[in-house]
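Participant: Residue numbers for the sequence shown, in this note's numbering: 60 to 302.
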Amino acid sequence: MKDMHSPPPPAGPNHVAIIMDGNGRWAQQRGRPRLYGHHAGARRVREIVEACPDLGVKYLTVFAFSTENWKRTQAEVSGLMALFKRYITREAQTLIRNGICVRFIGDRMKLDETLVRLMDELELMTADNDVVNLTIALNYGGRDEVARATKRLAREVAAGRIDPETVDAETLARFLDTYVLPDPDLVIRTSGEARISNFLLWQSAYSEYEFVDTLWPDFTRDEFAKVVGRFARRERRFGAVPG
Ligand code: FPP
Numbered sequence: 060m061k062d063m064h065s066p067p068p069p070a071g072p073n074h075v076a077i078i079m080d081g082n083g084r085w086a087q088q089r090g091r092p093r094l095y096g097h098h099a100g101a102r103r104v105r106e107i108v109e110a111c112p113d114l115g116v117k118y119l120t121v122f123a124f125s126t127e128n129w130k131r132t133q134a135e136v137s138g139l140m141a142l143f144k145r146y147i148t149r150e151a152q153t154l155i156r157n158g159i160c161v162r163f164i165g166d167r168m169k170l171d172e173t174l175v176r177l178m179d180e181l182e183l184m185t186a187d188n189d190v191v192n193l194t195i196a197l198n199y200g201g202r203d204e205v206a207r208a209t210k211r212l213a214r215e216v217a218a219g220r221i222d223p224e225t226v227d228a229e230t231l232a233r234f235l236d237t238y239v240l241p242d243p244d245l246v247i248r249t250s251g252e253a254r255i256s257n258f259l260l261w262q263s264a265y266s267e268y269e270f271v272d273t274l275w276p277d278f279t280r281d282e283f284a285k286v287v288g289r290f291a292r293r294e295r296r297f298g299a300v301p302g
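Laid out in structure tokens, this is it:
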């Protein structure tokens, strides 16, 4: 007989964030240029987005380009920017058809006009979708995001619209790029590196981390499902003692 007091099955992560690392090494292993790895990485993004509904993942956030990535060679940077434009143009119809709501986080000021226009259009075209919320971090850095949020908050204080005495973590969170998103439950980084690299610093205060050795272009839907399954079996306490 079923035990009436048995706990409900563990919930999977509602929001998964991914640091997609290892494209360069993947290409290098094949004797190909780094951009070849990024293109293979973009195909994985599609596969992982499409796996989300079955796994109960409602929010997926991927780190596509960091505020530090400008230090790469000009050829790699412009190749990545062209890849983002191509991804948006080519994937738009599929994303709409699959009910994906796309948002971008990061500082758009440094991005080229055409790319920003494509980003704005994709956000608008997919705004009413709600099967999966895909957030693409592009020219994103956690510290930069907190600094930009603080600047906006300071303007509100200076204008007399916010009383500084009332400012708390919740107030600042409203000024972050992620203000409409729940915090990530699980952050995955591929390629064996165990670093956060300035990704969602504020939002991942209580996230679980999973570092997997697989290079991003080899990260399959099956491996994603396994990592998500491991999360569901863990107990999360948010700083409290187990009940
Ligand atoms: C890190 O691997 C990856 C990036 C800086 C770029 C991520 C971009 C993609 C996966 C492509 C497309 C994304 C979207 C959303 C269309 P790395 O180059 O640092 O690899 P390495 O550590 O092996 O050199």
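Don't be surprised by glycine CBs; every beta carbon is placed ideally from N, CA and C.
#1: So if DSSP puts Val246 in a beta bridge, which residue, or which two residues, is it bridged to?
#2: Return the Cβ separation of Phe258 and Ile78 in integer angstroms, given the expectation that the two are a contact with Cβ distance under 8 angstroms.
#3: The ligand FPP and Ala123: does the residue's C-beta get closer than 8 angstroms to at least one heavy atom of that ligand?
#4: Using a Cβ-Cβ cut-off of 7 angstroms (strictly less than) and excluding sequence neighbours within five positions of Thr237, which residues of its own chain qualify?
#5: On the three-state DSSP scale, how would you describe Asp273?
#6: Taking only runs of the alpha helix (DSSP H) that begin and end inside the stretch 154-212, which ones reach a length of at least 4 residues, in chain order?
#7: Taking Cβ to Cβ, would you say Pro45 is nearer than 9 angstroms to Val191?
#8: Bridge partners of Thr120, per DSSP?
#9: Could you check whether Val116 and Asn128 sit closer than 9 angstroms to each other, using their CB atoms as the reference points?
#10: Within 10 Å of its beta-carbon, does Val246 have 16 or more other beta-carbons around it, so buried, or fewer, so exposed?
#11: Excluding the five sequence neighbours on either side, which residues of its own chain have a C-beta within less than 7 angstroms of the C-beta of Gly83, listed in chain order?
#12: On the CB-based measure, 16 or more other CB atoms within 10 Å of its CB, does Glu229 come out buried or exposed?
#13: Looking at C-alpha atoms only, which residue of Asn157, Asp244, Arg211 and Ala218 is the closest neighbour of Ala232?
#14: Any chance the CB of His97 is under 8 angstroms from a heavy atom of the ligand FPP?
#15: According to DSSP, is Gly256 helix, strand or coil?
#16: Here's the rule I'm using: 16 or more other beta-carbon atoms within 10 Å means buried, otherwise exposed. How should Val121 be labelled?
#17: Excluding the five sequence neighbours on either side, which residues of its own chain have a C-beta within less than 8 angstroms of the C-beta of Glu282, listed in chain order?
#18: At the level of alpha carbons, what is the spacing between Glu172 and Leu183?
#19: Should Ser137 be listed as close to the ligand FPP, given that the test is whether its C-beta is under 8 angstroms from any heavy atom?
#20: Taking just the CA atoms, how far does Thr279 sit from Glu215?
#21: Could you compute how far the alpha carbon of Arg254 sits from the alpha carbon of Asp80?
#22: Among Val226, Glu224, Tyr265 and Ala196, which has the Cα closest to the Cα of Pro124?
#23: Using the C-alpha atoms, what's the distance from Ile147 back to Arg167?
Facilitator: Quick answer:
#1: Position 187 of the sequence shown, counted from the start, is the residue given in the question as residue 246. Per DSSP, Ala76 and Tyr268.
#2: The sequence position of residue 258 within the sequence shown is 199, counting from 1. The sequence position of residue 78 within the sequence shown is 19, counting from 1. Right, their Cβ atoms sit about 5 angstroms apart.
#3: Along the sequence shown, read from residue 1 onward, the residue named residue 123 stands at position 64. For the ligand FPP, at least one heavy atom lies less than 8 angstroms from the Cβ of Ala123.
#4: Residue numbering aside, residue 237 sits at position 178 when the sequence shown is read from its first letter. Cβ neighbours of Thr237 beyond the five flanking positions: Ile164 and Gln262.
#5: Along the sequence shown, read from residue 1 onward, the residue named residue 273 stands at position 214. Note that residue 273 corresponds to Thr in the displayed sequence, not to Asp. If DSSP states are grouped into helix, strand and coil, Thr273 belongs with coil.
#6: 172-185
#7: The first residue shown for the chain is 60 and the last is 302, placing residue 45 beyond what the model contains.
#8: Here the question's residue 120 lines up with position 61 in the sequence shown. Partner(s): Ala76 and Thr194.
#9: Against the sequence shown, residue 128 aligns to sequence position 69. Against the sequence shown, residue 116 aligns to sequence position 57. No; because the gap between Cβ atoms is not below 9 angstroms, this pair is not in contact.
#10: Taking the sequence shown and counting its residues from 1, one reaches residue 246 at position 187. Buried, since its Cβ has 16 or more Cβ neighbours within 10 Å.
#11: On the sequence shown, position 24 is the one that residue 83 refers to. Closer than 7 angstroms at Cβ, skipping near neighbours: Arg93 and Gly96.
#12: Mapped onto the sequence shown, residue 229 falls at position 170. With fewer than 16 other Cβ atoms within 10 Å, it is exposed.
#13: The residue labelled residue 232 in the question sits at position 173 within the sequence shown. Of Asn157, Asp244, Arg211 and Ala218, the residue nearest in Cα terms is Arg211.
#14: As a position in the sequence shown, residue 97 is number 38, starting the count at 1. Yes.
#15: If you number the sequence shown from 1, residue 256 lands on position 197. At residue 256 the sequence reads Ser, which differs from the Gly that was named. Note: Ser256 maps to coil in three-state DSSP.
#16: As a position in the sequence shown, residue 121 is number 62, starting the count at 1. Looking at its Cβ environment, which holds 16 or more other Cβ atoms inside 10 Å, Val121 is buried.
#17: Looking up residue 282 in the sequence shown gives position 223. Same-chain partners within the cutoff: Val271 and Thr273.
#18: Within the sequence shown, the letter at position 113 stands for residue 172. Within the sequence shown, the letter at position 124 stands for residue 183. Cα to Cα, Glu172 sits roughly 16 angstroms from Leu183.
#19: The residue given as residue 137 occupies position 78 in the sequence shown. No, since every heavy atom of the ligand FPP falls outside the 8 angstroms radius drawn around the Cβ of Ser137.
#20: By 1-based counting over the sequence shown, the position of residue 215 is 156. By 1-based counting over the sequence shown, the position of residue 279 is 220. Whole-angstrom Cα-Cα distance: 45 angstroms.
#21: Taking the sequence shown and counting its residues from 1, one reaches residue 254 at position 195. Taking the sequence shown and counting its residues from 1, one reaches residue 80 at position 21. Going from the Cα of Arg254 to the Cα of Asp80 covers about 11 angstroms.
#22: Translated into the one-based positions of the sequence shown, residue 124 becomes position 65. In the sequence as presented, Pro is not what sits at residue 124; that position holds Phe. Of Val226, Glu224, Tyr265 and Ala196, the residue nearest in Cα terms is Ala196.
#23: Locating residue 167 in the sequence shown gives position 108, counting from the first residue. Locating residue 147 in the sequence shown gives position 88, counting from the first residue. Using only the alpha carbons, I get a separation of about 15 angstroms.
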